[in-house]
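**Q** Chains as they are written, first to last, in numbering that gives the first Met the number 0: chain U, 0 to 676; chain G, 0 to 178.
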Amino acid sequence: MSINLDQAQQTFIVEARELLQAMEQSLLQLESEPGDQNAIGAVFRAAHTIKGSAGLFGLEPIVSFTHIVEDVLDRLRDASVAVDATLIAVLLKSGDHMLELIDVVASRGEALQTPALEREAALRQALSAYQGADHAVAGVPMTSVVNDTQGDVLWHLSLRFGVDVFRNGMDPLSFLRYLDTLGRILQVTTLTDRLPALDSWDAESCYLGFEIDLRSAASHATLNEVFDFVRDDCEVHISAVDDTPFETAPGGTELVAQPEQLAPAPQRVATNSEAKPRDGNYVRVNADKLDELINLVGELVIASAGASLLARSCTNDPLQEATSTVSGLVEEILDGALHLRMIPIGDTFNRFRRVVRDVSQELGKDIDLLISGAETELDKTVVEKIGDPLMHLLRNAMDHGIENATARREAGKPSKGHLSLNAYHDSGSIVIEIADDGAGLNRERILAKAQERGLVATGAQLTDQEIYNLIFEPGFSTAEAVTNLSGRGVGMDVVKRNITLLRGTVDLDSRPGQGTVVRIRLPLTLAIINGFLVGIDQSTYVIPLDMVQECIELDEPQRQSSRDQGYLDLRGEVLPLVDLREHFSHEGPPARRQNVVVVRYAEHKAGLVVDDLLGEFQTVIKPLGKLFGALRGISGSTILGSGAVALILDVPALLSQIVQLEARTAQAPQSPSVVVR
Amino acid sequence: MGAVTPSRHTAVMADEDAQYLTFMLGGEMFAIGILGIKEIIEYGSLTVVPMMPAFVRGVINLRGAVVPVVDLSARFGRQNSAITRRSCVVIIEARADDGQPQDIGLLVDTVSAVQEIPAAQIEPPPSFGARIRADFISGMAKVEGKFVIVLEVDKVLSIDEMSSLAEAGQMPALDADAR
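1. Quick check on DSSP: helix, strand or coil for U/Ile657?
2. Anything in chain G within Cβ reach of U/Val644, meaning under 7 Å, just list it in chain order.
3. Can you find the residues in the same chain that come closer than 6 Å, C-beta to C-beta, to U/Glu30, ignoring five residues on each side of it along the sequence?
4. Could you list which residues in chain U have their beta carbon closer than 9 Å to that of G/Val55, in chain order?
5. In angstroms with no decimal places, state the Cα-to-Cα distance between G/Ile31 and G/Val152.
6. Kindly indicate if chain U contains any beta-carbon less than 8 Å away from that of G/Gln78.
7. Does the beta carbon of U/Glu661 sit closer than 8 Å to a beta carbon anywhere in chain A?
8. Please compile the residues from chain U whose C-beta is within a distance smaller than 7 Å of the C-beta of G/Ile158.
9. Under 8 Å Cβ-Cβ, which residues of chain U neighbour G/Ser162?
10. Helix, strand or coil, according to DSSP, for U/Glu14 in the structure here?
11. Between U/Pro575 and U/Tyr566, how many whole angstroms is the CB-CB distance? I'm expecting something under 8 Å.
12. Considering only their Cβ atoms, is the gap separating U/Leu368 from U/Val358 smaller than 8 Å?
13. Examine the Cβ distances between the region 112-123 of chain G and the region 44-56 of chain G and report whether three or more of them are shorter than 8 Å.
14. Could you tell me which residues DSSP pairs with G/Cys87 in its beta bridges?
15. How is U/Gly251 classed by DSSP in three states: helix, strand or coil?
16. In the DSSP output, which residue or residues are listed as bridge partners for G/Asn60?
17. What residues of chain G sit near U/Phe583, judged by a beta carbon separation below 8 Å?
18. So the candidates are U/Asp436, U/Gly363, U/Glu409; which of them puts its Cα closest to the Cα of U/Ala396?
19. My guess is that U/Thr324 and U/Ser307 are in contact by the Cβ rule of under 8 Å, so how many angstroms apart are they, rounded?
20. To which residues of the same chain is U/Arg350 closer than 8 Å at the C-beta, ignoring the five residues directly before and after it?
21. Evaluate U/Cys313 with the Cβ neighbour count: other Cβ atoms within 10 Å of its Cβ, from every protein chain shown; 16 or more gives buried, anything less gives exposed.
22. Within the continuous alpha helix (DSSP H) that includes U/Phe351, where are the two ends?
23. Please name the residue in G/Val113, G/Phe75, G/Pro49, G/Ser80 whose C-alpha comes closest to that of G/Ile39.
24. Excluding the five sequence neighbours on either side, which residues of its own chain have a C-beta within less than 6 Å of the C-beta of U/Ile39, listed in chain order?
25. G/Gly76: buried (16+ other C-beta within 10 angstroms of its C-beta) or exposed?
26. Hey, out of U/Thr85, U/Asp83, U/Met97, U/Leu58, whose CA is closest to U/Glu69's CA?
27. Just the C-alpha distance for U/Leu91 and U/Glu361, rounded to the nearest angstrom, thanks.
28. Taking a contact to mean a Cβ-Cβ separation below 8 Å, would you say U/Asp463 touches U/Ala404 in this structure?
29. Determine, for U/Lys621, whether the minimum Cβ-Cβ distance to residues of chain G falls below 8 Å.
30. Enumerate in chain order the residues of its own chain whose CB-to-CB distance from U/Leu544 is below 8 Å, with the five nearest sequence positions on each side excluded.
31. Hey, U/Val619 and U/Val533: beta-carbon distance below 8 Å or not?
32. What do you get for G/Leu34, buried or exposed, if any count of 16 or more other CB atoms within 10 angstroms of its CB means buried?
33. Taking U/Val609 as part of the beta strand (DSSP E), name the residues at either end of that continuous run.
34. Taking C-beta to C-beta, are U/Val541 and U/Ala645 nearer than 8 Å?
35. Using only alpha-carbon positions, find the residue among U/Val152, U/Lys621, U/Phe64, U/Asp151 that is nearest to U/Leu116.
36. Rounded to a whole number of angstroms, what is the C-alpha to C-alpha distance between U/Thr191 and U/Pro171?
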């Protein structure tokens, strides 16, 4: 083929995986609404496309298996088979098997392992029950026909490529080349009778047809597969010619009639046109290229900030105007670039439908998954990395959280358990909630376990919240029985660690008998934040702007009283203060004028005492590297327009650090206090 | 990107493993192999990172990358180096235990020269008496009749060790995972 096969195959693998995922979605949809014609159509299309593409690459195992699946789906479509739970289960497993087959291709593995082959045989068996009598014969031999050589047959192929073939990204020539690999092309007659006059010629349209004589050992079905990709807008007729190879080339206007071939074509055209507009709206871009672009935009932001700073320092009005226009544009580019990386979390959520279905069946519990906020967008890297922790939490909720039907009825709850996944934006971060209506956490048991493990001193007074969050400690599991799914005590601490790595936090709330809610709070993006610059001494710090509520000046009397009390009266509200100068042990006397930046994170509110307020600044986050891995309260750094490095405050970590320090100093007042009062 | 301090690349590019950069620190001369050295820049515009051990001086902007600067003297457990007009930052590519490269700046009093030191003139390190940790020393080189300590850069700039020191420095005050 003229195209790079390797690359095309990669595309095929990616697409096939996506299609399988879509297929799974539709199957689950079908399970809840058995009559959904759209879902049936979608499942069929997915299988059909995979089969077609796999055929183009000669991936025989995929083609032959998918063929059977497609057959069953076809019968489902024309309602000769009814949707039932067993069929869905078989089809879901078939989907898994197809994924496995594709993975084999992706990893360039040789063939499936024996267990997988056994599974395949079982699936074929199960599927054949749904195949019609005629199909059952047609489906299975397809592979065998290819394998056993009946000897070469002379085939005559009549091809009429559709006008849009080029526009759909197909090259007729590649089909001819591929045919050549299947056998020996004896003769090709190119039909040019559809060519229009030169002035009405559209260079992007295909007007050609071919009459081909091919001597090949391949079966009719195999040859037919070759054209799966273009079947929708082309006419293809394949017939065996008994003899006399060189005289059969017809005038080229008459197509060999094969009415049963023509019948399914219009249907497929219809289904395909639905899918097309979707393809047109998206461009597939390599994630690395995107990252590179965003990095560059980040540098651009810094450079443009530097330019503005220089422009402001010289009294040249036109120059200042020009730089401010540039800055405005750069900001827009930045927003746009960042938006490119934002994807809705819905895809991740939907993946869990299958998990919930399978796990609930395995556990013998009836569990419903409710998804809301699927359209909430967040950074692609975050989305990718949040999948595993969420999976863990869901499994935990299903295994430990939700009771079995009997226990639920005894507790006066509906026997069907409910699990909900919800996502929403809240002050510059995204919150993902996993809630179940199960038994809730057993406070006493967690406490007992924690004391047994020495995590908590006996007699220590802990709030419910603190006790519940103990389950995020390493090696902590209260499950009495270790099941397949969870209970080994690996998991919750990993969940917490993964979320912390994403600069997020996780929090758990539980009510006995009513259920548990796990709340994950994540930053929207990992690359760039809107920051508020503050100065302490010669140093500059950046506070994420989403957390800044307001700024107030700290006048002398207030300063004195706040120094004594450690809090400020903010319009009748108590606002605890943190003197960053002392917390960060900056030497030297405090500035004559000090300011308070009021920050809010989740339910915490605090005032940070700083020297100067330096204004807003869009900052590219530069990680500080492993050396500063243990540093709390500072999440990264950024480069200012002046070229100096500024540190970005990690407000949540800073606040929790201070809360802990206060608790500590309250317990042991003689210990030297680092925190300011 | 603002004004970056002009960098003076080490002039010698020849790939002979017997070449060393010698520099002064607290009146003593040290040497490190030049292969790990990326460049030498003047000391300037450093941002202090709070709550870090004394040997982490801060971070600098190296053409858009944020690079930590380690005060070598403090790393040896001595006083922080005093900044003079001749203070330099030697940028070294260090490796964490997981193989991730990271640039680290090494604050030294003055850089002296790039010298070829034949392997025969390098003695094994003494087990004590050099007043710095024995595992920091890869050998004692004889240069112009005087001993020069050749440093084991991987040990001196072990990111894992330094970050655990940083963690330990924070822990007594924090013990953040206790709850």
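Built from N, CA and C at the ideal position, the CB exists for glycine as well.
**A** Looking at the atomic coordinates:
1. Your numbering for residue 657 of chain U matches position 658 in the first sequence. The answer is helix: DSSP assigns U/Ile657 an H, G or I state.
2. Residue 644 of chain U sits at position 645 when you count from the first residue of the first sequence. Per Cβ cutoff of 7 Å: Thr46, Val58, Ile59, Asn60, Val65.
3. Residue 30 of chain U sits at position 31 when you count from the first residue of the first sequence. Hits under 6 Å: Ile87.
4. Against the second sequence, residue 55 of chain G aligns to sequence position 56. Under the 9 Å cutoff, chain U gives Leu626, Phe627.
5. Here the question's residue 31 of chain G lines up with position 32 in the second sequence. Here the question's residue 152 of chain G lines up with position 153 in the second sequence. The C-alpha of G/Val152 is placed about 7 Å away from the C-alpha of G/Ile31.
6. Stepping through the second sequence from its first residue, residue 78 of chain G is reached at position 79. Not one beta carbon of chain U lies nearer than 8 Å to the beta carbon of G/Gln78.
7. You won't find chain A in this structure, because its protein chains are U and G.
8. Numbered from its first residue, the second sequence carries residue 158 of chain G at position 159. Per Cβ cutoff of 7 Å: Lys625, Leu626.
9. What you label residue 162 of chain G is simply residue 163 of the second sequence in a count that begins at 1. Correct list: Lys625, Leu626, Phe627, Gly628, Ala629.
10. Here residue 14 of chain U refers to the residue found at position 15 when the first sequence is read from its first residue. U/Glu14: helix per DSSP, three-state reduction.
11. In the first sequence, the residue the question calls residue 575 of chain U occupies position 576. In the first sequence, the residue the question calls residue 566 of chain U occupies position 567. About 5 Å separates the CB atoms of U/Pro575 and U/Tyr566; that is less than 8 Å, so the two are in contact.
12. For the purposes of this step, residue 358 of chain U is taken as residue 359 along the first sequence, with counting starting at 1. For the purposes of this step, residue 368 of chain U is taken as residue 369 along the first sequence, with counting starting at 1. No, these two residues do not count as a Cβ contact at 8 Å.
13. Touching, no, given that fewer than three Cβ pairs across the two stretches are closer than 8 Å.
14. Residue mapping note: residue 87 of chain G aligns to position 88 of the second sequence, counting from 1. Paired residue(s): G/Glu41, G/Val107.
15. In the first sequence, the residue the question calls residue 251 of chain U occupies position 252. Low local confidence applies: a pLDDT of 43 at U/Gly251 is under 50, so the model's placement there is unreliable, and no value is given.
16. Stepping through the second sequence from its first residue, residue 60 of chain G is reached at position 61. According to DSSP, G/Asn60 bridges with G/Val65.
17. If you number the first sequence from 1, residue 583 of chain U lands on position 584. Per Cβ cutoff of 8 Å: Pro49, Met50.
18. Locating residue 396 of chain U in the first sequence gives position 397, counting from the first residue. The shortest C-alpha separation from U/Ala396 is found at U/Asp436.
19. Position 325 of the first sequence, counted from the start, is the residue given in the question as residue 324 of chain U. Position 308 of the first sequence, counted from the start, is the residue given in the question as residue 307 of chain U. Actually they do not touch by this definition, with Cβ atoms about 10 Å apart.
20. Within the first sequence, residue 350 of chain U is the residue found at index 351, counting from 1. Short of 8 Å from the beta carbon of U/Arg350, and not among the five residues preceding or following it, lie these beta carbons of its own chain, in chain order: Gln20, Gly386.
21. The residue you call residue 313 of chain U lines up with position 314 of the first sequence. With fewer than 16 other Cβ atoms within 10 Å, it is exposed.
22. Walking along the first sequence from the start, residue 351 of chain U turns up at place 352. Start and end: 345-362.
23. Indexing the second sequence from 1 puts residue 39 of chain G at position 40. With distances taken between Cα atoms, G/Ile39 lies closest to G/Val113.
24. Mapped onto the first sequence, residue 39 of chain U falls at position 40. So the list reads Leu75, Arg76, once near-sequence residues are dropped.
25. The residue labelled residue 76 of chain G in the question sits at position 77 within the second sequence. By the 10 Å Cβ count, G/Gly76 comes out exposed.
26. Here residue 69 of chain U refers to the residue found at position 70 of the first sequence. In terms of CA proximity to U/Glu69, U/Met97 leads the group U/Thr85, U/Asp83, U/Met97, U/Leu58.
27. Sequence index remark: in the first sequence, residue 91 of chain U carries index 92 (1-based). Sequence index remark: in the first sequence, residue 361 of chain U carries index 362 (1-based). Their backbone Cα atoms lie some 15 Å apart in a straight line.
28. By 1-based counting over the first sequence, the position of residue 463 of chain U is 464. By 1-based counting over the first sequence, the position of residue 404 of chain U is 405. A distance of 8 Å or more separates the beta carbons of U/Asp463 and U/Ala404.
29. Here the question's residue 621 of chain U lines up with position 622 in the first sequence. So yes, U/Lys621 belongs to the interface.
30. By one-based count along the first sequence, residue 544 of chain U stands at place 545. Answer for U/Leu544: Gly427, Ile528, Asn529, Gly530, Phe531, Glu615, listed in chain order.
31. In the first sequence, the residue the question calls residue 619 of chain U occupies position 620. In the first sequence, the residue the question calls residue 533 of chain U occupies position 534. Judged by their CB atoms, U/Val619 and U/Val533 are not nearer to each other than the 8 Å cut-off.
32. In the second sequence, residue 34 of chain G corresponds to position 35, counting from 1. Exposed is the call here.
33. Stepping through the first sequence from its first residue, residue 609 of chain U is reached at position 610. That run of the beta strand (DSSP E) goes 603-609.
34. Counted from its first residue, the first sequence places residue 541 of chain U at position 542. Counted from its first residue, the first sequence places residue 645 of chain U at position 646. It is a contact, given that the beta carbons lie within the stated cut-off.
35. Locating residue 116 of chain U in the first sequence gives position 117, counting from the first residue. Nearest option by C-alpha distance: U/Phe64.
36. The residue you call residue 191 of chain U lines up with position 192 of the first sequence. The residue you call residue 171 of chain U lines up with position 172 of the first sequence. Going from the Cα of U/Thr191 to the Cα of U/Pro171 covers about 14 Å.
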